[in-house]
Structures are given as structure tokens and as C-alpha cells.
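To start, the structure under review is shown below, and the notes come after it.
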Amino acid sequence: MRQKKVNLCIRRLDEKLIAFFARPGPRNMAEAMLWGATHIEWLFFFPFRLLTGPARFFLERRHAKHVRHHR
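Here it is, written out as C-alpha cells:
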């Protein structure tokens, strides 16, 4: 019985959220926020990619040499 009430409550909240974001104003705002978050995330993690790329290349070469040497 309790699970049915929880499912009903979740369904109602879901319907309200869908109705809210179906309107053009909130939808455009949500899309803009998602776009901004995506680009901020890319800008934040890009320097780490620059640092880890050469390290990964070096470690993979070193591992390959180790595997060939210890067969």
C-alpha cells in the first residue's frame, strides 16, 4: 500500500515537472543552463587532459616494454 502511494506521488511530481518544462520560458532557461554547465565542465577538465595525455602515452609505452621483456 505504501509503495502505491509513493509511486502515485512520484507520478504526480513527474507530470508537474513535464508540464512546467513544456512551457517555452522554463524550457529555454533549462536548455541554456545545461549548455552553460556542459561548456564550463569542458573548460574545467580540458587542462587535465593536456596533462594526462602525455603521461598515459609514456606509461603505455613503458608497460609494453615491460611485457616484452618479461615473457
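Quick note: the sequence shown, position 45, residue 397 per the working numbering, numbers continuous. For each residue, glycine too, the CB sits at the ideal point set by N, CA and C. Model, not experiment: these values are computed from the prediction.
Where Met-381 sits in the DSSP three-state scheme: Of the three classes helix, strand and coil, the one that applies to Met-381 here is helix, per DSSP.
Reduced DSSP secondary structure (H/G/I, E/B, other) of His-422: In the structure shown, His-422 adopts coil according to DSSP, grouped into three states.
Spatial distance of Phe-400 from Ala-384 (CA atoms): Rounded to whole angstroms, Phe-400 to Ala-384 spans 25 Å at the Cα level.
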